[in-house]
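In what follows, a structure is listed as structure tokens, so that the remarks can point back to it.
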Amino acid sequence: MVGVLHTWTRQLLYHPHVHFIVTGGGLRDDGSWKFSRPDFLVPVLALSKIFRAKFRDELKKTELCATVAASLWQQAWVVHSEPVGSGLTAFKYLAPYI
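Here it is as structure tokens:
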């Protein structure tokens with residue numbers, strides 16, 4: 001998994017968000033590869049709630065949590081998921097930011 005933090009839009013407006021590239025599958029107990037379905041990876045509504053909670057838990061371990069508006073934790077976070085084939089296009093898009 002590769003993650004890149006963006007804090008702006010293409011129009012240079014403040015909009016913090018994270019891009020992740022993840023594999024379309026994983027290893028079975030026997031070491032063989034299990035491909036995910038081509039049309040589904042994760043339930044994004046559930047993942048958005050989990051990601052927000054985990055992010056907040058980790059941020060609380062730092063002094064940065066005090067700088068975040070409390071309202072941020074009350075609003076819905078959006079997780080968008082889409083297949084990108086081999087991932088080469090996604091890596092080319094994110095490479096300048098790494």
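Residue numbers (the numbering used here): 1 to 98. Just so you know, even glycine gets a beta-carbon here, dropped at the ideal spot from N, CA and C.
Taking residue 38 as the centre and dropping the five residues before and after it, the same chain places the C-beta of 83 closer than 7 Å to its C-beta, in chain order. Excluding five sequence positions before and after residue 48, the CB atoms of its chain that fall closer than 8 Å to its own CB belong to 76, 77, 78, 79, given in chain order. Contact fails between the region 29-36 and the region 10-20, because fewer than three Cβ pairs, one in each stretch, are under 8 Å apart. By the CB criterion at 8 Å, residue 81 and residue 45 fall outside the cutoff. For residue 4, there is no enclosing alpha helix (DSSP H); the enclosing beta strand (DSSP E) has its first and last residue at 2-8. For residue 55, the enclosing alpha helix (DSSP H) has its first and last residue at 44-59.
Between residue 22 and residue 94, the beta carbon gap of about 13 Å keeps them out of contact (Cβ cut-off 8 Å).
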